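Residue 461 is where the sequence shown starts when you use the numbering used here, and the numbers rise one by one after that.
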Amino acid sequence: MRAYRIAYDGGPYHGFQRQPDVATVEGEILAALARLGVTDGGVPDGYAAAGRTDAGVSALAQTVAFDAPEWLTPAAFNSELPADVRAWASADVSAEFHATHEAREREYVYHLHAPDADDERAREAAGELAGAHDFSNLTPDATGTERDLVIEGRRDGPFLVWTLRAGGFCRQLVRRVVGLLDEIASGTAPLAKVDRVLADEPLDGPEGVAPAPPTQLVLTAVDYGIDFTVDEDGRESARTVFSERHAERLAGARIAGQIRDSIG
Numbered sequence: 461m462r463a464y465r466i467a468y469d470g471g472p473y474h475g476f477q478r479q480p481d482v483a484t485v486e487g488e489i490l491a492a493l494a495r496l497g498v499t500d501g502g503v504p505d506g507y508a509a510a511g512r513t514d515a516g517v518s519a520l521a522q523t524v525a526f527d528a529p530e531w532l533t534p535a536a537f538n539s540e541l542p543a544d545v546r547a548w549a550s551a552d553v554s555a556e557f558h559a560t561h562e563a564r565e566r567e568y569v570y571h572l573h574a575p576d577a578d579d580e581r582a583r584e585a586a587g588e589l590a591g592a593h594d595f596s597n598l599t600p601d602a603t604g605t606e607r608d609l610v611i612e613g614r615r616d617g618p619f620l621v622w623t624l625r626a627g628g629f630c631r632q633l634v635r636r637v638v639g640l641l642d643e644i645a646s647g648t649a650p651l652a653k654v655d656r657v658l659a660d661e662p663l664d665g666p667e668g669v670a671p672a673p674p675t676q677l678v679l680t681a682v683d684y685g686i687d688f689t690v691d692e693d694g695r696e697s698a699r700t701v702f703s704e705r706h707a708e709r710l711a712g713a714r715i716a717g718q719i720r721d722s723i724g
């Protein structure tokens with residue numbers, strides 16, 4: 461068995477999990493394995509992934525593990541993956557290893573554009589949301605809603621950068637936590653809304669918290685207590701691809717800014 465670290469741009473994909481008739485990251489991974497002759501088109505033995513990111517969410521350290529041939533290095537894996545999905549490190553693991561169940565901690569980072577936010581209000585709200593709570597009002601999940609969150613925030617120019625860590629996350633929990641922090645930091649909602657969200661009584665309709673947009677969210681770390689070996693060719697390939705993405709989006713931002721500033 462071998463585990464692989466996978467980085468990807470989630471923008472073009474309908475999430476990580478394979479679905480019929482739409483492009484997903486997992487669908488591309490499994491198709492690449494078939495083209496490489498590792499499988500006959502199915503799922504390899506022992507296959508599991510660290511988590512299922514939503515449509516539009518990117519990753520630095522998504523992790524997949526399966527019974528892989530010795531020659532399947534990250535660079536070899538990349539030879540059949542699309543450019544925006546890159547394997548960059550790997551580790552040999554036991555035959556019983558399960559990439560979902562054995563993750564000790566997962567970390568997400570959200571880049572919230574909030575130039576006019578009240579940082580102190582945001583940090584106070586984050587302090588109240590951190591720790592062990594039932595987050596049933598911040599997820600569509602009906603079970604498994606009790607989580608113990610670490611939430612850290614820092615100002616980086618016009619962005620509030622939020623880092624959230626936990627053993628696991630309910631669906632949309634990170635994005636709804638950030639959505640609530642944004643409401644409070646912008647003054648749209650009072651700080652007291654945190655208590656209401658954490659109360660047992662369900663939130664309905666306009667009282668609820670909408671998830672923040674997915675494209676600013678990145679799965680940045682998954683801890684298994686094992687050492688991954690960086691593949692130099694895989695790392696350089698990933699850096700090249702994401703350098704190009706960075707340049708493209710900087711250019712796109714300039715164009716949007718020019719149009720904005722030139723209207724009227």
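Positions of the beta carbon are idealized from the N, C-alpha and C atoms, including for glycine.
Here the structure is a predicted model, which is why all the values come from computation and not from measurement.
Strand pairing of residue i, partner residues [DSSP]
{"i": "His573", "result": "Phe619"}
{"i": "Glu612", "result": "Thr623"}
{"i": "Glu530", "result": "Paired residue(s): none; Glu530 is not in a bridge."}
{"i": "His593", "result": "Arg607"}
{"i": "Ala549", "result": "Arg465 and Val690"}
{"i": "Ala543", "result": "BP columns for Ala543 are empty, so no partner."}
{"i": "Glu567", "result": "Arg625 and Ala681"}
{"i": "Thr523", "result": "Arg465"}
{"i": "Ala508", "result": "Ala525"}
Residue i, enclosing beta strand (DSSP E) - first and last residue
{"i": "Thr700", "result": "First-last for Thr700: Glu692 to Ser722, but that is the alpha helix (DSSP H), not the beta strand (DSSP E)."}
{"i": "Phe688", "result": "Segment: none, Phe688 is in no beta strand (DSSP E) and carries neither H nor E."}
{"i": "Asp642", "result": "Careful: Asp642 lies outside any beta strand (DSSP E), inside the alpha helix (DSSP H) at Leu633 to Ser646."}
{"i": "Phe557", "result": "Careful: Phe557 lies outside any beta strand (DSSP E) and carries neither H nor E."}
{"i": "Ala465", "result": "In the sequence as displayed, the identity of residue 465 is Arg instead of Ala. Arg462 to Tyr468 is the extent of the beta strand (DSSP E) around Arg465."}
Residue range of the alpha helix (DSSP H) that includes residue i
{"i": "Gly487", "result": "Val485 to Arg495"}
{"i": "Gly587", "result": "Asp579 to Leu589"}
{"i": "Arg656", "result": "Lys653 to Leu658"}
For residue j and residue i, believed in contact at Cβ under 8 Å, the rounded distance
{"i": "Arg566", "j": "Val682", "result": "5 Å"}
{"i": "Leu598", "j": "Val657", "result": "6 Å"}
{"i": "Pro504", "j": "Phe526", "result": "4 Å"}
{"i": "Ala543", "j": "Arg465", "result": "With 8 Å as the limit, Ala543 and Arg465 do not qualify as a contact, their Cβ atoms being about 17 Å apart."}
{"i": "Leu589", "j": "Val654", "result": "6 Å"}
{"i": "Gln632", "j": "Pro600", "result": "6 Å"}
{"i": "Asp691", "j": "Thr523", "result": "At roughly 14 Å, the Cβ-Cβ gap does not stay under 8 Å, so Asp691 and Thr523 are not in contact."}
{"i": "Ala467", "j": "Ala519", "result": "6 Å"}
{"i": "Ala551", "j": "Asp687", "result": "6 Å"}
Spatial neighbours of residue i in its chain, beta-carbon cut-off 6 Å, leaving aside the 5 residues before and after
{"i": "Val569", "result": "Thr623, Val678 and Thr680"}
{"i": "Tyr507", "result": "Phe526"}
Other residues of its chain near residue i: CB distance less than 7 Å, five sequence neighbours each side excluded
{"i": "Arg615", "result": "Asp579"}
{"i": "Arg583", "result": "Gly613"}
{"i": "Ser701", "result": "For clarity, residue 701 is Val in the given sequence; the question names Ser instead. Ala543, Asp544 and Arg546."}
{"i": "Tyr684", "result": "Glu562, Ala563 and Arg564"}
{"i": "Ala586", "result": "Ile611, Gly613 and Leu641"}
{"i": "Ala404", "result": "Since the displayed the chain opens at 461 and closes at 724, residue 404 lies outside it and no answer follows."}
Beta-carbon contacts of residue i that lie in its chain and below 8 Å, excluding the five residues immediately before and after
{"i": "Pro618", "result": "His573, Ala574 and Pro575"}
{"i": "Ala515", "result": "Gly470, Tyr473, His474, Gly475 and Pro674"}
{"i": "Ser554", "result": "Met461"}
{"i": "Thr689", "result": "Ala549, Ser550 and Ala551"}
Meets three-Cβ-pair contact criterion under 8 Å: the stretch 489-501 and the stretch 534-554: Yes, they touch.
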